[in-house]
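Be aware that the sequence shown starts at -4, since it is given in this note's numbering, and climbs by one per residue. Take a look at the structure below.
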Amino acid sequence: MTAKEIRQAFLDFFAAKGHTIVPSAPIVVKNDPTLMFTNAGMNQFKDIFLGEAPAKYPRVADTQRCLRVSGKHNDLEEVGIDTYHHTMFEMLGNWSFGDYFKKEAIDWSWELLTEVYKLPKDRLYVTYFEGDAKEGLEKDTETLNLWKQYVAEDHILPGNKKDNFWEMGETGPCGPCSEIHFDSRPDNERAEVSGATLVNADHDQVIEIWNNVFMQFNRVKDGSLHPLPAKHVDTGMGFERLVRVLQGKTSNYDTDVFQEMIQFIAQKSGKTYNSKALPPGEGLGGASSDWNDAVAMRVMADHIRAISFAIADGQLPASNKAGYVIRRILRRAVRYSYQTLGFKEPFFNQLVPLLAEQFKGVFDELYTQKDFVQKVIREEEISFLRTLQRGIDLFETEIEILKKNTDFLASPENTEDWSEKTKDGIEKYYTTIDGNFAFELYDTFGFPIDLTELMARERGFKVNMEVFNKALQEQKTRSRAATAIDTGDWTVLQDDDSVEFTGYDETESVAHIIKYRKV
Ligand code: ATP
Ligand code: MG
Ligand code: MG
Ligand code: MG
């Protein structure tokens, strides 16, 4: 099945079960101070769950574009390194607002996965909430028993409050949840180590695909739980992960959701994409340029989605707030494009037409604005490329100096604070990059701090964040004072006090130019 067919099959299945198919909400959230971007399918139904708005339909289903790059859900650091966390992804979901509950939700998720999609049952694992005596929460026996009808007992796993109890916030609706995981390891590996031990262990081939949340309580201010008068179901399935398991792949990036884009990048850069390249420290030979290239291609194919949909939904890259989150992601991708893959001219924006075509008929918002979106990204690229090389040169010089010092510092009595064991038990020595230097890169060369941290990490260094934050704070105080005194226009332009100059602002910021024109 193609990705398109898989998405449609999901929607058709739930439509046939009496669900109304609704459109995705925008990825950009306006008017909610607690949330910048949509991070789950349920966001657009929040008021219904809180009892503040009536449900239009008792059952709905959709595919929601989500972004997990900030706040409680921030997967940015995993993206491109692992095979199943994206910045932007689609969350397929079905909901019951006071209508059906656990039985139907479980019956239908099993029916869809094993009868429509025909996933092999012995590769599926399900979880239920084991209870938490300290918190006065009961074990979810109902869910356990419902699963027993379908699933062998050694494939049903108890889960703790962290993984299997969902809460909207400190107060409000909450309840147990049940996850479905898929084991795609080869048979010999499965025979050796049971998939049950790898669920929730961050294993690349035993991944969570679907979460079913059963909202049955309301937590009030004193912390006590009260049964909700109307119980709800809220489910979310990662579309790209589903496509990967259905297409028999070991990476989301090997599916038709990403391959066209990755092959385009590979071809234009004159490199090949090696999906199986190993990270440094794993396998023979250690770090390979194959690995670096593959990460860069994955990051670009991923990030273009986040940036394009954010822009299409009204969030331009900018120097503060949500706009700065988008600019940070963009610059991260452009650095990989430039330094790792060798694109010296603006290239990243050329992915937009491919993406728009792919989502035609699914999220038409992108298709109808594709020229504008591409233009904004191109402008951003041009301005960052202006300072990127100089920043990289300075960074390299700094690394050279630090490396010379490392030998000196690596004496045993000095290692306590700055050595750490990696996952494989290898002792790594870090020395820190001066926070003031990181600030200069940020302020004058437009390097977002997480980009400098990433570049540092690639070379085995850390950034002294304490010093960086102090420098940033000082600059904010200075710029606030300057704003008040001599640049009256800025006072109008800033809609928030956390001004974040990124250097060369007057030329680089499309958002600024547009905002400026408005004034
Ligand atoms: P994980 O444990 O893998 O980080 P999660 O428990 O944070 O996932 P949920 O909040 O339960 O995810 O979201 C529902 C579903 O959305 C998940 O089961 C998964 O399939 C998918 N999903 C979550 N985060 C991502 C992501 N960053 N990229 C792609 N799919 C995701
Ligand atoms: Mg997560
Ligand atoms: Mg999880
Ligand atoms: Mg989950």
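Beta carbons: idealized from backbone N, C-alpha and C, even for Gly.
- A distance of 8 Å or more separates the beta carbons of Leu346 and Ile1.
- Relative to ligand 2, His68 has its C-beta within less than 7 Å of a heavy atom.
- Between the stretch 368 to 381 and the stretch 298 to 312, the count of Cβ pairs shorter than 8 Å is three or higher; the stretches touch.
- Sorting Gln242, Asp288 and Phe209 by C-alpha distance to the C-alpha of Ser264 places Asp288 at the top.
- Put simply, of Asp308, Pro275 and Arg330 the residue whose alpha carbon is nearest the alpha carbon of Met295 is Arg330.
- CA-to-CA, the gap between Val357 and Thr230 works out to about 20 Å.
- Counting every other CB atom within 10 Å of its CB across the protein chains shown gives Gly386 a total of 16 or more, marking it as buried.
- In the three-state reduction of the DSSP assignment, Asn195 falls in the coil class, being assigned neither a helical nor a strand state.
- In the same chain as Asn344, and ignoring 5 residues on each side of it, the C-beta atoms closer than 7 Å to its own belong to Gln369, Ile372, Arg373 and Glu376, in chain order.
- Distances between the C-beta of Asn344 and the heavy atoms of ligand 4 are all 7 Å or more.
- At least one heavy atom of ligand 4 lies closer than 7 Å to the C-beta of Glu203.
- The alpha carbon of Gly13 has as its nearest neighbour, out of Ala4, Ala56 and Met37, the alpha carbon of Ala56.
- Ranked by Cα distance from Ser474, the options Lys97, Asp438 and Ile76 are led by Asp438.
- For Thr109, no beta strand (DSSP E) run applies, since DSSP gives it neither H nor E.
- Taking 8 Å as the cut-off, the beta carbon of Gly170 is found no closer than this to the beta carbon of Met232.
- Taking 7 Å as the cut-off, the C-beta of Phe40 does not count as close to any heavy atom of ligand 1.
- For Gly154, the enclosing beta strand (DSSP E) begins and ends at Ile151 to Gly154.
- For Val240, the enclosing alpha helix (DSSP H) stretches over residues Phe234 to Leu241.
- For Val458 and Gly318, the gap between their C-alpha atoms comes out near 24 Å.
- Glu72 carries a helical assignment under DSSP once its states are collapsed to helix, strand and coil.
- Between Val228 and Phe40, the CB-CB gap reaches or exceeds 8 Å.
- Secondary structure of Asp27 (DSSP, three-state): coil.
- Within the DSSP secondary-structure output, Asp366 pairs in no beta bridge.
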